[in-house]
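Chains as they are written, first to last, in UniProt numbering: chain A, 1 to 483; chain B, 1 to 483.
Written out below as structure tokens is the structure these notes cover.
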């Protein structure tokens, strides 16, 4: 999803009444970011509280490339990383992930090996259908074992766009919440549905209900589901004891627009880029009786903050033996405080940009290559800002491009290098960047090696289902990350 | 102002708490339009309920040109046009205009000759300062006579951006409302402030208060003023008897961005164009006790509807001897009905585009000329949609460019001419357009002739102030309208 996909964030069709109501009962974050313009690294950052370049969710195969975890990826979340559910366990929490894991699909990376007690969902995106020879279909797991595969046991009709997956994920969430409430058990639910990701789907009830086409149908179904989850918490009488946060893992994928792609509002470009459209996200905090209703926050926030904030809510301290990038947002959420902190925009292992206050400095600019662009792959459709949305990797480290995001949220008007404003802002930003770079200890890159042999050929449980497939010979190679 | 300038419409800094509250107490219109992408024609349409091509507020000097009323314009609102205040008089209303008139500044066009009982404001934009030799400074009138000039008696500091004009206009509004309430007199107040028009200004109290720079300061001052007006109505106990509508006369002028220009959200281009950014407007209806609080309407609306709707509220019928384009919005506002009606997008006397339902068909496309564009005049900064934001006037009358504004509000993806959807939609649209063209009787164009002799040299009242200036010899010429 993108920043502009919700009514509360100005989507012109205003079709998200439940999320808009969640915002009016809770707090809207206008300056909230992902940790990366792509899914896997952003999710790894959410669960570790650390930038992908620290937790290993990046590549060094080429400069400044977005990498993720397709099913031939060899790497995944390292055992050395401490995940939010692992830590919450210490405070007695039961942890469940529903939906897309995306932190590696090989056995050692299984979410139940990393602190989750339950899992219902898939290790990868719902791409397909595949032929189970060149590529296996993506498995769906219940806890330790697969229970079927997408397109086989979990239908997705690419022609009509019909799939009832979000409904299944919703029911799983409601059941889990009921169970924990019944046993008076504190719980952490990571409701990581993959809906709105292309190929976009919605269940029959929602098909054709949106002004926005299939993508809007999917958004409406998510909106409806979240309304049902919040009402369920209220019905069970635990809403005042349950902190809920809604956000997304990257900006809307404009390459899939208009039929399968969403909106980043007036922000520049989308998913895959370090412009605002790639990383600024819709974000809403909800906790009746604690968060003042109708609040609006300009706190610079990041998905990594959900790690630290959740620990804080559980009365736990973040690990002290490593750098944690997430901050505790509770002072911003409960007392309306503004905490001064920068936002870093990475692509692979390159810090492309940084935001300090209302200023954003680009040290590198790149949308994608001319080669890709000439094939019609466009991360900024209809947008072209000279010298900014560049199709070659442009270095600006000696004289960063500087934007004032208040006056110019669309990143169209770089400030004059000669202006006093530029000088003053860059003095402040340079200190932040220097400190960041000096203290940066990159993790071992996990997204460098791909091997068809590691694909989801024979996930645990495949024997019972008669769905084991024969893997090819191992042939590890450098993964190719084009952008 | 542009569609995206209010928090309720997704402006990322969300600095319009009063207008946002007005929306939450009233009804938000998401699909509301001006009658023209430029000020004078749009205002003439608002007050006559008729398209500029009917009421004469257009030019035939060149094809598809935007024209307005600079101070050398010879024309103005024809006597044959019936203005809203003229009609409201029949129902006993006292009518006042505060702010910019812009329907002609020569004596016969004076607002008090066209139904208004009172006027405080100027006939033209607050451009200047001028030298009173080549160009006179714009006068400010109280009723029949000028009481001073901009930059002389009404200060505007272009260096600091400071001017207290909006405060003066606010006080005029509050006083007028108090006076009418005291005398139990029904009233029509046209609060036509010119703030946010470049050169942008705000009063001292608001300078530097916005994240968005001077433009945002001006928006905040307008927001604050409207909050004060609504509170005043409530304090006087007449809020449930007073219908209030907020909107703008054209999209944000992106040529003035980022320092002096606003936001059209994710819509394409801005003022001067017939893309959504040029003509879709923020719009809020407020009438406590009558309009359901928090309503949202997708009714296709137009400033011309305020003419018909106001007459309806006053128990009057619109004139039956002429074509009225505005419709009565009360069924949409009070009962949530959706009235099927098209929106026409004109540039001069050319129908550039039409919206029917969620479809918009462009019969002509043009941003501005290559000649202007090469000089840095850009109505679509950072935006470039191939074949759409054209710099030559492109005719598509045989095969219009068609967009689905639900899936593609940014007008980036024309539908395939060969698609069933295109065929079906164009069949419906063609009927609407044909009917429109067959019944169109253009008025006499008022914006063709310019003459330096007619400028504001010696407005009525200048003698008392010693501010009469000597006009040059009359030398009427065709006005030059470059875009």
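All C-beta atoms in this analysis are idealised placements derived from N, C-alpha and C, irrespective of residue type, glycine included.
In this text, all values refer to a predicted model and were calculated from it rather than measured experimentally.
request  = Give the residues from the region 262-292 of chain A that approach chain B closer than 7 Å (Cβ to any Cβ), ordered along the chain.
outcome  = 263, 265 and 266
Classification of residue 371 of chain A by the beta-carbon crowding that lies within 10 angstroms, buried from 16 upward = exposed
ask   = What are the partner residues of residue 297 of chain A, as DSSP defines its beta bridges?
value = A:29
message = For chain B, check one thing: does any of its Cβ atoms lie closer than 8 Å to the Cβ of residue 407 of chain A?
response = yes
inquiry  = Classify residue 102 of chain A: buried if its beta carbon has 16 or more other beta carbons within 10 angstroms, exposed otherwise.
reply    = A buried status is given to residue 102 of chain A, since no fewer than 16 other beta-carbon atoms sit within 10 Å of its beta-carbon.
inquiry  = Please classify residue 92 of chain B as buried or exposed, where buried requires at least 16 other C-beta atoms within 10 Å of its C-beta.
reply    = exposed
task = Rank B:148, B:71 and B:81 by C-alpha distance to the C-alpha of residue 48 of chain B and give the top, closest one.
result = B:81
Proximal residues, the region 447-480 of chain A versus chain B, C-beta separation under 9 Å = none
query = What residues match up with residue 450 of chain A in a beta bridge as DSSP calls it?
reply = A:73 and A:477
task = In the DSSP assignment, find the beta strand (DSSP E) that holds residue 347 of chain B and state where it starts and stops.
result = 343-347
request  = Using a Cβ-Cβ cut-off of 8 Å, state whether residue 199 of chain A counts as contacting chain B.
outcome  = no
message = Any beta carbon of chain A sitting closer than 8 Å to that of residue 438 of chain B?
response = no
key: Coil, strand or helix - residue 398 of chain A by DSSP   = Coil.
key: beta strand (DSSP E) segments (min. 3 residues) lying fully within the region 366-438 of chain A   = The beta strand (DSSP E) runs lying completely inside the region 366-438 of chain A and spanning 3 residues or more are 401-404, given in chain order.
key: Paired residues, beta bridge with residue 191 of chain A - DSSP   = A:98
message = Taking the beta carbon of residue 14 of chain B as the centre, do at least 16 other beta carbons fall within 10 Å, making it buried, or is it exposed?
response = buried
query = CB residue 221 of chain A to CB residue 166 of chain A, shorter than 8 Å?
reply = For residue 221 of chain A and residue 166 of chain A, yes; Cβs fall inside 8 Å.
key: Spatial distance of residue 75 of chain A from residue 69 of chain A (CA atoms)   = 8 Å
ask   = Rounded to the nearest angstrom, how far is the Cβ of residue 248 of chain B from that of residue 281 of chain B, given a contact under 8 Å?
value = 5 Å
inquiry  = Would residue 9 of chain A and residue 301 of chain A qualify as a contact pair, given that the criterion is a beta-carbon distance under 8 Å?
reply    = No, these two residues do not count as a Cβ contact at 8 Å.
query = Is residue 406 of chain A near residue 358 of chain A, with beta carbons less than 8 Å apart?
reply = yes
message = Under 8 Å, CB to CB, which of the residues in the region 223-257 of chain A have a partner in chain B?
response = 257
key: Reduced DSSP secondary structure (H/G/I, E/B, other) of residue 36 of chain B   = Of the three classes helix, strand and coil, the one that applies to residue 36 of chain B here is coil, per DSSP.
query = Within this structure, are the beta carbons of residue 271 of chain A and residue 253 of chain A separated by less than 8 Å?
reply = yes
key: Proximity of residue 28 of chain A and residue 284 of chain A at Cβ, strictly below 8 Å   = yes
task = Name the two residues that bound the continuous alpha helix (DSSP H) containing residue 120 of chain A.
result = Segment 118-121 is the beta strand (DSSP E) holding residue 120 of chain A; no alpha helix (DSSP H) there.
inquiry  = For residue 91 of chain A, report the span of its alpha helix (DSSP H) as first-last.
reply    = Residue 91 of chain A -> no alpha helix (DSSP H), and no H or E assigned at all.
task = Measure the C-alpha to C-alpha separation of residue 504 of chain B and residue 115 of chain B and round it to an integer number of angstroms.
result = Not covered by the structure: residue 504 of chain B. The range shown for chain B is 1 to 483.
task = Would you mind working out which of B:55, B:337, B:229 and B:155 sits nearest residue 77 of chain B, comparing C-alpha positions?
result = B:55
Exposure of residue 434 of chain A, with buried meaning 16 or more beta-carbon neighbours within 10 Å = exposed
message = Looking at the secondary structure, which residues open and close the beta strand (DSSP E) in which residue 285 of chain A lies?
response = 280-286
Cβ pair residue 7 of chain A, residue 263 of chain A closer than 8 Å = no
key: Near-chain B residues of the region 291-322 of chain A - C-beta to any C-beta below 8 Å   = 296 and 298
is_contact[residue 158 of chain B, chain A] using C-beta, thresh 8 Å = no
query = Does the beta carbon of residue 68 of chain A come closer than 8 Å to any beta carbon on chain B?
reply = no
ask   = CB-CB under 7 Å to residue 235 of chain A, same chain, minus the five flanking residues each way: which ones, in chain order?
value = none
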